[in-house]
Each structure stands twice: as C-alpha cells, then as structure tokens.
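Scroll down for the structure; my scribbles are underneath it.
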Amino acid sequence: MSAGRGAVTNTAKNVALVALVVLLAIQCVAIWLNGLNIAQLSADSMLRRVHDQLFGGAVGYELRASGVAAAEPAQIALRAEGEMRAVQYNPSEVDAGIQAATDLFGSAFSAAGTFHESDEDALNAALAEGDCAVLRYHGAIPVGILAGWMGGSCSSDLSAQSVLLFRDTNQIFVRTDTGALQVASTRVEDGVFSRAVRQFHGVACTFSGTEYTVYPETLLFEREALSFDLIQSVPLHLFDPQGDSSLQTLLSAFGYTPYARSYPEQNGAVTVYVNDASTLRVAEDGTVEYSASVGGTLTAYDKGEADGVEARGAQIDCARVVLDAALRAIGVETQATLYSVGEQDGMTRLVFYQSYGGVPVLDETDFASFVFDGGTLLSARVALRRFETVTPAQRRTVLPARQAAAGADGTRRALLVAYRQGDDGLYRPERFFMK
Amino acid sequence: MQWDKVKNILIVILLAVNLFMLGNLALKSYNDHHRAVELRRDVQTLLEARGIALDDGFVLPDDLVLPQLSVDRSRTEEEQVAFAMLGTDAARSEDDEGNVRYESTRGMVTWSGDGTVQGSIRQDEGVPADDREALRRARQLFERWGLKPGDGTIEVVEHSIATLSGPVAGMAVHNRHLTLFFGEDGTVQLTGYWSFGVPYTLASETGVSCSAADALLAFVAEHPEVKNVYGMDLGYRLLTDSSRRLQLVPTWKIKTDSIDFLVDCAKKTTI
Chain A
1 MSAGRGAVTN
11 TAKNVALVAL
21 VVLLAIQCVA
31 IWLNGLNIAQ
41 LSADSMLRRV
51 HDQLFGGAVG
61 YELRASGVAA
71 AEPAQIALRA
81 EGEMRAVQYN
91 PSEVDAGIQA
101 ATDLFGSAFS
111 AAGTFHESDE
121 DALNAALAEG
131 DCAVLRYHGA
141 IPVGILAGWM
151 GGSCSSDLSA
161 QSVLLFRDTN
171 QIFVRTDTGA
181 LQVASTRVED
191 GVFSRAVRQF
201 HGVACTFSGT
211 EYTVYPETLL
221 FEREALSFDL
231 IQSVPLHLFD
241 PQGDSSLQTL
251 LSAFGYTPYA
261 RSYPEQNGAV
271 TVYVNDASTL
281 RVAEDGTVEY
291 SASVGGTLTA
301 YDKGEADGVE
311 ARGAQIDCAR
321 VVLDAALRAI
331 GVETQATLYS
341 VGEQDGMTRL
351 VFYQSYGGVP
361 VLDETDFASF
371 VFDGGTLLSA
381 RVALRRFETV
391 TPAQRRTVLP
401 ARQAAAGADG
411 TRRALLVAYR
421 QGDDGLYRPE
431 RFFMK
Chain B
1 MQWDKVKNIL
11 IVILLAVNLF
21 MLGNLALKSY
31 NDHHRAVELR
41 RDVQTLLEAR
51 GIALDDGFVL
61 PDDLVLPQLS
71 VDRSRTEEEQ
81 VAFAMLGTDA
91 ARSEDDEGNV
101 RYESTRGMVT
111 WSGDGTVQGS
121 IRQDEGVPAD
131 DREALRRARQ
141 LFERWGLKPG
151 DGTIEVVEHS
161 IATLSGPVAG
171 MAVHNRHLTL
181 FFGEDGTVQL
191 TGYWSFGVPY
201 TLASETGVSC
211 SAADALLAFV
221 AEHPEVKNVY
231 GMDLGYRLLT
241 DSSRRLQLVP
251 TWKIKTDSID
261 FLVDCAKKTT
271 I
C-alpha cells in the first residue's frame with residue numbers, strides 16, 4: 001500500500017518538475033522576446049514576419065536580396081516568329097523593355113543548369129532561326145547578380161556582357177567579359193515568352209551573324225539614325241553656399257556631416273574631412289576620395305550576415321546608394337551604371353561608368369570605383385561631373401551599326417556608342433569598337 | 001530516498017525561479033500599460049495646453065514597426081487596364097519622361113512613371129441619378145477595367161464623383177486612389193495615383209518605428225492653427241524617390257477639423 005502511494009508521489013513530482021521546466025523555458029522566451037527591438041530586426045527575419053502577422057504590421061510583400069538594378073542593358077532585343085525588334089540607348093525605352101523581359105530572363109536564369117564552354121559556331125547555329133531574347137551590357141555583370149535583378153537566381157560565377165536566350169532549343173548563352181561563350185540548358189515557358197513579346201516595343205533589326213567580323217549577336221538596325229546632343233562639363237560649385245550643388249548631401253552619402261572636422265589642402269582646392277574611422281577628400285573639380293580603416297562605418301552587411309552572391313549584391317547595393325546620393329548632391333540627370341566586379345586578395349572592386357541620356361560617357365579615368373573588404377567599404381573614388389547640352393543645341397548622328405560592322409577588322413568585335421571629350425572640351429557621341 | 005529529496009529541492013528552486021520571473025513579467029506588463037496610459041494623458045495635456053481638442057472617441061494608436069516598401073512600375077498591367085478601357089486597338093505612344101499614352105476612338109489614358117494616371121473615356125450613360133447608382137456604376141467600371149478594389153473601398157461624393165482606394169501589403173496607402181468624374185456628355189474622367197503588383201523590401205532592410213505620440217506632437221508643433229483632432233491612422237504614402245522609383249513610405253494620417261494631414265513616420269514632418 002505504501003509502495004503504491006510512493007509511486008504516485010514520485011510520478012506527481014516528475015510531472016511537476018517537467019511542468020516547471022517547461023514554464024521556465026516559456027518565460028525565458030517571453031522575456032527574450034520582450035527585450036527585442038523589432039525595428040532592428042531585418043525584414044528576412046522569421047521572428048519579424050511572425051510579429052507582423054500577429055501584431056498587425058505589413059504583410060504580403062516580397063523579400064529581395066537586391067532591390068534595384070545597378071546596371072541597365074544598353075540593348076534589348078526579342079525575336080518571335082521571324083520578326084525581331086530591339087531598343088537601345090534610350091533610358092525610357094530600355095526601362096520599358098527590361099520590364100517586359102524581366103520575368104522571361106528571371107525564370108530562365110533560375111531554370112538554368114551548369115554552364116559549360118561553347119563556341120561561335122554553336123551560337124551562329126542558334127542565331128540562324130527561332131525565337132530568342134537578348135540582353136547586352138556595356139560591362140561585365142556577374143550572372144548571379146543579374147539573375148537577382150530579374151527576380152530569379154543563378155549559382156554561376158560567370159560575368160556576362162551579353163545574355164542570349166533561345167526558346168526552341170531551351171538554351172541560354174552568356175558572352176563573358178573575356179569574349180568567351182558559355183552555354184547552359186534552361187526552360188523557357190511559352191506563356192512567359194509570349195507575354196514578353198506582347199509587351200515589348202522596339203524597332204526592327206537583325207543579328208550580324210557571320211556577315212561581318214563583329215560578334216554574331218551584334219544588333220544591326222534597319223535605317224538606324226541614332227543622334228544625340230553634344231554636351232559639355234560645367235563647374236560644380238561644390239563649396240559655394242549659393243551654388244546648385246549640395247555639399248551636405250554629398251557628405252552624408254559617405255556618412256559625414258557638415259560639422260565634421262576638416263582642413264584645406266592644395267591651396268584650398270581640396271577639403272579633407274576626417275572622422276574616427278575614415279577620411280573624405282572633396283576637390284573643387286568634383287573628385288571625391290574616401291578611405292577608411294578596417295573598422296570603417298560605411299558597411300554593406302555585417303560580418304557573417306551574407307555570403308557569396310548575397311554579399312556581392314549587398315556590396316553593389318551599398319555602392320549604388322552612395323553613388324545615387326552623390327549624384328543627387330550635384331543635381332544631375334545622369335546615371336551611374338555598374339561596369340565590372342573584380343576580386344583581388346579577398347577585396348572586391350566595383351567600377352561604375354556614368355551615362356548621359358542612356359549613352360556612356362568615356363573619360364580618362366573611371367567615373368567611380370569602390371573597394372570592399374567583406375562588408376566594409378575601404379575606399380572609393382568618384383569623379384563627379386555635371387553635363388549639360390551645349391547652347392545652341394547641336395546634335396550629332398552616330399555611325400550606324402551596320403556600317404561600323406562592315407569596317408570592323410576582327411580584332412575588336414563589340415560595338416558601342418559613347419560620348420568622348422574632344423580637343424575643344426565638348427563631348428561628342430561616337431561609335432567605338434571594343435573587345 | 002536521496003532522489004526523492006533532490007526532486008523536492010529542485011521543485012522548490014524551480015517554483016521560486018518561476019514565480020520570480022512571472023512576477024517580473026507581470027510587473028513589466030503593468031508598467032508598459034501604465035506608461036501607455038500616462039503617455040496618452042500627457043499627450044492630451046500638451047495638446048490641450050496648445051488649444052487643440054482631441055475627439056471623444058480618439059484613441060492614441062499603438063506604436064508599430066513597418067518596413068519601407070518599393071513597388072515596380074508595371075507597364076504590362078498599365079497596358080491591360082488601358083486596353084480594357086479603350087479597346088485593344090488603342091494606339092500606344094511614350095515620351096522621353098516615360099509617360100505612356102493610349103488613345104482610341106473611345107478616349108485616352110496616360111500613365112506616368114510616378115504612378116499618376118489621367119484619362120477620359122467615353123461611356124454610353126450620363127451622370128448617375130443618385131449615390132447608389134454612382135456606386136454601382138463605379139464598381140462595374142473598375143471591375144471591367146481590371147482595377148479590382150480587393151479589400152479597398154469605393155466612396156461616392158455627390159453622385160457624380162466616385163473614389164477607389166485600396167490597401168497595399170495589408171496597410172492603407174493614404175494617397176493611392178483613383179477618382180471617377182461622371183460627365184453629362186457621357187464621358188468619364190479618371191484621375192489619381194495608382195500602383196500595381198506586389199511590393200517588396202530588401203532582406204537587409206530594418207523597419208521604421210512608427211510612434212503615434214511622436215507624430216502627433218510633431219504635427220501640432222508645425223500646425224498650431226488646428227483646433228480639433230479626430231483620429232489618426234497608420235499606413236503608407238506612395239511617392240517616387242530621386243531615381244524615379246516608386247516607394248511606399250510609412251506615414252501617419254491625422255484627421256482634423258480642416259483637412260487630413262500626412263506625417264512621415266521616420267522624418268516626423270508633415271507632408
């Protein structure tokens with residue numbers, strides 16, 4: 001009898017112990033949650049999503065690794081049922097074109113298998129017939145980043161100058177920064193392709209193919225007459241309080257305030273701003289140089305927070321945001337576009353070019369370069385320029401792609417339209433060849 | 001026997017720790033509640049000192065954290081709506097600013113990059129006879145055009161004007177609405193500000209803390225002329241940033257005796 005009572009007491013104690021431990025755990029979680037600052041949780045945190053669902057925050061939005069593309073293609077083309085159309089060098093038309101083609105390329109990148117080497121013959125055969133879509137950049141964009149901008153994903157570490165998607169053969173070709181060709185099998189949904197074709201508006205064109213010694217995917221337009229205004233660089237007046245540039249916005253782009261410690265250099269032509277972790281040199285001509293120690297305050301992501309493509313995407317986003325703010329400071333309509341992403345000694349170097357009205361502006365030096373060590377921005381150099389059309393307005397027509405292709409010598413096989421400064425200081429649009 | 005004693009001791013310790021933590025939580029909860037009540041009273045006192053009365057039914061909303069969202073412009077959906085309004089034979093043209101104009105014998109509609117829409121569409125019927133008729137026709141038109149109200153609402157003013165407003169990401173967007181003007185000649189004028197598609201935020205983005213008391217105090221400091229505050233709602237405001245991208249920015253709407261004011265949650269300034 002007493003043995004039975006003892007067993008009951010023992011069971012009751014065990015149950016009480018378990019219950020008390022569970023209650024303790026629940027209270028620990030409650031106290032931890034109570035001390036959390038929800039505002040500091042990133043949007044991809046599960047806890048944040050649960051909190052929003054339970055306590056009435058925003059719901060039903062998407063999470064993206066990278067929000068805004070740091071580069072828009074210079075040319076986009078779509079061919080369906082033998083009819084090929086394309087847009088080029090017009091921000092509005094390219095913007096509309098990329099919107100029409102985003103789902104198409106996003107889904108194709110996501111469905112792409114492993115890329116392997118290909119050759120010009122295989123590309124020529126694919127270009128000969130069938131439905132296809134093309135993106136062409138004046139730079140080399142990592143494919144993983146490009147896929148992210150299109151709402152897709154891709155694990156390849158290639159950098160693409162051109163992306164060619166073929167519907168009938170379900171292939172995706174990438175022309176890399178070295179001019180080599182890589183191909184992967186993918187899946188192109190009929191509905192997605194048809195929708196892109198329906199939404200895409202452009203002018204008639206064809207591929208160069210084997211006709212000339214330029215890359216076979218070079219777009220040759222019918223009756224092409226690209227003409228652009230001549231432009232000139234005008235002074236920025238960064239340090240003039242009555243000027244139309246905002247030094248405060250420029251400083252804040254790099255995490256400084258106008259009250260930061262500063263001193264003049266080079267007879268006042270350069271002002272150096274200093275804080276505990278970095279130095280910012282702002283020259284009257286618009287050259288801005290930022291350098292920081294390892295503990296710099298401008299960061300793309302915290303240590304261990306991102307890796308691989310996500311880390312690269314965060315670095316590009318960080319640089320783009322700084323550049324956007326810097327350009328806003330001088331109130332220009334020009335755009336910064338990602339040109340290349342390089343890796344050396346564990347550092348990432350991003351280079352951007354500036355474009356005016358969708359046309360790149362070539363200068364002696366890069367428009368902007370950023371060096372990241374992990375998530376920290378170590379150094380940056382931006383050559384800010386404000387351009388305006390010359391008065392009275394002068395337009396110049398650029399050599400059509402077909403004529404330029406006919407004159408190609410086979411060593412430099414890509415075509416480009418860009419502004420370049422002449423001896424008189426004016427920037428003229430011209431046709432260039434590049435590798 | 002030894003285990004029995006150990007269990008007793010453990011139960012006593014766990015009970016004590018649990019009671020202590022429970023007391024802590026209860027105290028914190030009571031303090032939070034007390035502070036919220038005190039804050040409401042302080043805000044009311046401050047407002048009254050400035051000669052501003054709060055409506056009897058006014059309740060200071062709870063603070064909330066909202067993410068700043070972005071929306072992609074969808075030319076695809078703009079075109080679908082335009083074709084539904086004007087027919088698929090509508091001619092499309094786009095200027096350098098990105099304004100897309102659709103035109104046909106049935107009228108015209110223009111979509112701008114900042115979300116503004118403006119149109120004039122010929123219909124067979126004139127001005128609705130009453131508010132009920134206006135509501136029915138507005139609902140019919142919006143649905144036919146593919147602008148489904150969803151959780152949104154259609155409001156009718158003077159039986160010739162109807163306004164459609166719709167939430168995004170489960171929150172009200174204070175300036176996202178389309179207004180229909182029914183003309184006597186059978187045309188319908190459409191104006192407003194609209195967005196399409198699912199909004200997004202970046203994975204690394206943190207939220208914007210939206211404090212009702214802060215917003216209200218910042219508002220009354222900027223607008224001492226206001227005499228009555230009827231209520232305040234948290235939501236978003238649709239705007240384009242310097243790079244002409246559509247953004248949804250957390251914003252309070254404060255309803256007063258004159259007009260409704262919008263107060264930016266992050267900047268705490270009246271728009």
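For the protein sequence lines, the chains are A and B, in the order given. For the first sequence, the numbering used here assigns the number 1 to the initial residue and increments by one for each residue that follows. For the second sequence, the numbering used here assigns the number 1 to the initial residue and increments by one for each residue that follows. Where is the CB? At the ideal position from N, CA and C, for every residue including glycine.
Query raised in the report: Under 8 Å between C-beta atoms, does B:N31 make it to chain A?
Result: If you number the second sequence from 1, residue 31 of chain B lands on position 31. No, B:N31 lies away from the interface with chain A (no Cβ there is under 8 Å from its Cβ).
Query - CB-CB length for A:G106 against A:G35, believed under 8 Å - result: By 1-based counting over the first sequence, the position of residue 106 of chain A is 106. By 1-based counting over the first sequence, the position of residue 35 of chain A is 35. In fact, because the Cβ distance is near 40 Å, the residues do not count as touching under 8 Å.
Report task. With A:Q266 as the anchor, note down where its beta strand (DSSP E) starts and where it stops. Result -> Counting from one through the first sequence, the residue named residue 266 of chain A turns up at place 266. From DSSP, A:Q266 is part of no beta strand (DSSP E); its letter is neither H nor E.
Query raised in the report: Just by C-beta distance, which residues in the stretch 17-33 of chain A are closer than 7 Å to chain B?
Result: L17, L20, V21, L23, L24, Q27, A30 and I31
Query raised in the report: What three-state label does DSSP hand A:N124 in the structure shown?
Result: Counting from one through the first sequence, the residue named residue 124 of chain A turns up at place 124. Of the three classes helix, strand and coil, the one that applies to A:N124 here is helix, per DSSP.
**Report entry** Distance between beta carbons of A:F228 and A:E217, contact taken as under 8 Å
**Finding:** Along the first sequence, read from residue 1 onward, the residue named residue 217 of chain A stands at position 217. Along the first sequence, read from residue 1 onward, the residue named residue 228 of chain A stands at position 228. At roughly 24 Å, the Cβ-Cβ gap does not stay under 8 Å, so A:E217 and A:F228 are not in contact.
Requested in this report: Report yes if the CB atom of B:N24 is closer than 8 Å to the CB atom of A:L23, and no otherwise.
Outcome: On the second sequence, residue 24 of chain B is found 24 positions in, with the first residue counted as 1. On the first sequence, residue 23 of chain A is found 23 positions in, with the first residue counted as 1. In this structure, A:L23 does not lie closer than 8 Å to B:N24 by Cβ.
Requested in this report: For A:C205, name the three-state secondary structure that DSSP assigns.
Outcome: Counting from 1 along the first sequence, the entry for residue 205 of chain A is found at position 205. Of the three classes helix, strand and coil, the one that applies to A:C205 here is strand, per DSSP.
Query raised in the report: Which residues of chain B have a Cβ atom closer than 7 Å to the Cβ of A:D95, listed in chain order?
Result: Residue mapping note: residue 95 of chain A aligns to position 95 of the first sequence, counting from 1. In chain order: G98.
Report task. Just the C-alpha distance for A:R412 and A:Q161, rounded to the nearest angstrom, thanks. Result -> Here residue 412 of chain A corresponds to residue number 412 of the first sequence, with the count starting at 1. Here residue 161 of chain A corresponds to residue number 161 of the first sequence, with the count starting at 1. Cα to Cα, the separation comes out at about 14 Å.
Query raised in the report: Among residues of its own chain, excluding the 5 on either side of A:E265, which ones have a beta-carbon nearer than 8 Å to its beta-carbon?
Result: Locating residue 265 of chain A in the first sequence gives position 265, where the first residue counts as 1. Only T271, V272 and R281 meet the Cβ criterion.
Requested in this report: Let me know the secondary structure DSSP gives A:P142 once reduced to three states.
Outcome: Translated into the one-based positions of the first sequence, residue 142 of chain A becomes position 142. Of the three classes helix, strand and coil, the one that applies to A:P142 here is strand, per DSSP.
Report task. Work out the CA separation of A:D103 and B:V127 for me, nearest whole Å. Result -> Working through the second sequence from its first residue, we reach residue 127 of chain B at position 127. Working through the first sequence from its first residue, we reach residue 103 of chain A at position 103. Between B:V127 and A:D103, the C-alpha separation is close to 42 Å.
Requested in this report: Closer than 7 Å by C-beta to B:R245: which residues in its own chain qualify, once you throw out the five before and the five after it? Chain order, please.
Outcome: Position 245 of the second sequence, counting from 1, holds the residue named residue 245 of chain B. For B:R245, where only same-chain residues beyond five positions count, the Cβ hits under 7 Å are S70.
Query raised in the report: Any contact of the stretch 153-160 of chain B with the stretch 121-138 of chain B, i.e. 3+ C-beta pairs under 8 Å?
Result: yes
**Report entry** C-beta contact flag for A:P142 and A:D157 at 8 Å
**Finding:** Position 142 of the first sequence, counting from 1, holds the residue named residue 142 of chain A. Position 157 of the first sequence, counting from 1, holds the residue named residue 157 of chain A. Cβ atoms of A:P142 and A:D157: closer than 8 Å.
Report task. Just tell me which of A:S369, A:R386, A:F387 and A:T389 has its CA closest to the CA of A:A380. Result -> As a first step, residue 380 of chain A must be located in the first sequence, where it is residue number 380. The candidate whose alpha carbon is nearest that of A:A380 is A:S369.
Report task. Please specify which runs of the alpha helix (DSSP H), each continuous and at least 4 residues long, are wholly inside the stretch 168-253 of chain B, giving them in chain order. Result -> 212-222
Query - B:E79 at chain A interface by Cβ criterion, 8 Å - result: Sequence index remark: in the second sequence, residue 79 of chain B carries index 79 (1-based). With 8 Å as the cut-off, B:E79 counts as an interface residue toward chain A.
Query - Enclosing beta strand (DSSP E) for A:F228 [first to last residue] - result: The residue you call residue 228 of chain A lines up with position 228 of the first sequence. Unbroken beta strand (DSSP E) run through A:F228: S227 to D229.
Query raised in the report: What does B:E94 touch in chain A if you count any residue whose Cβ is under 9 Å from its own?
Result: In the second sequence, the residue the question calls residue 94 of chain B occupies position 94. Chain A residues near B:E94: S92, E93, A96 and H201.
Query raised in the report: Between A:R175 and A:L165, what straight-line distance do the alpha-carbon atoms span, to the nearest angstrom?
Result: Taking the first residue of the first sequence as position 1, residue 175 of chain A is located at position 175. Taking the first residue of the first sequence as position 1, residue 165 of chain A is located at position 165. Those two C-alpha atoms are separated by around 12 Å.
Query raised in the report: Does A:K13 have its Cβ less than 8 Å from a Cβ in chain B?
Result: As a working mapping, residue 13 of chain A is identified with position 13 in the first sequence. By this cut-off, A:K13 is an interface position.
Query - Local Cβ density within 10 Å of A:C28, reported as buried at 16 or more and exposed below that - result: The residue given as residue 28 of chain A occupies position 28 in the first sequence. By the neighbour-count rule (16 or more Cβ atoms within 10 Å), A:C28 is not buried but exposed.
Requested in this report: Select from the stretch 17-29 of chain B all residues with a C-beta closer than 9 Å to any C-beta belonging to chain A, and list them in chain order.
Outcome: V17, N18, M21, L22, N24, L25, K28 and S29
Query - Chain-ordered neighbours of B:L10 on chain A, where CB pairs are closer than 7 Å - result: Counting from 1 along the second sequence, the entry for residue 10 of chain B is found at position 10. Chain A residues near B:L10: L17.
Report task. Could you pull the start and end residues of the beta strand (DSSP E) that A:P429 belongs to? Result -> Reading the first sequence from its first residue, position 429 is the one you call residue 429 of chain A. A:P429 -> beta strand (DSSP E) spans L426 to M434.
Query raised in the report: Could one say the Cβ of B:L15 lies closer than 8 Å to chain A's Cβ atoms, at least one of them?
Result: The residue given as residue 15 of chain B occupies position 15 in the second sequence. With 8 Å as the cut-off, B:L15 counts as an interface residue toward chain A.
Requested in this report: Grab me the residues of A:I330's own chain with a C-beta within less than 6 Å of its C-beta, minus the 5 sequence neighbours each way, in chain order.
Outcome: Indexing the first sequence from 1 puts residue 330 of chain A at position 330. The residues are L236, S245, L384 and R386.
**Report entry** Under 7 Å from the C-beta of A:Q171: neighbouring residues of chain B
**Finding:** Working through the first sequence from its first residue, we reach residue 171 of chain A at position 171. Ordered by position in chain B, no residue passes the 7 Å Cβ test against A:Q171, which lies about 26 Å from the chain.
Requested in this report: Going by CA-CA distance only, name the one from B:A91, B:F196 and B:Y200 that's closest to A:E62.
Outcome: As a position in the first sequence, residue 62 of chain A is number 62, starting the count at 1. Closest by alpha carbon: B:Y200.
Query - Residue-level contact to chain B via CB, A:A7, 8 Å cutoff - result: Translated into positions along the first sequence, residue 7 of chain A becomes position 7. It does not; no Cβ of chain B falls within 8 Å.
**Report entry** Closer than 8 Å to chain A by CB, B:T76
**Finding:** What you label residue 76 of chain B is simply residue 76 of the second sequence in a count that begins at 1. Cβ-Cβ to chain A under 8 Å: yes for B:T76.
Query raised in the report: Quick one: what's A:R412 bridged to in DSSP?
Result: Here residue 412 of chain A refers to the residue found at position 412 when the first sequence is read from its first residue. In DSSP, A:R412 forms no bridge with anything.
Query raised in the report: Is it buried or exposed for A:M150, if we count other Cβ within 10 angstroms and need 16 for buried?
Result: Mapped onto the first sequence, residue 150 of chain A falls at position 150. Per the 10 Å Cβ criterion, buried.
**Report entry** Assigned secondary structure, A:H116 (DSSP; H/G/I helix, E/B strand, else coil)
**Finding:** Position 116 of the first sequence, counted from the start, is the residue given in the question as residue 116 of chain A. DSSP places A:H116 in strand when its eight states are reduced to three.
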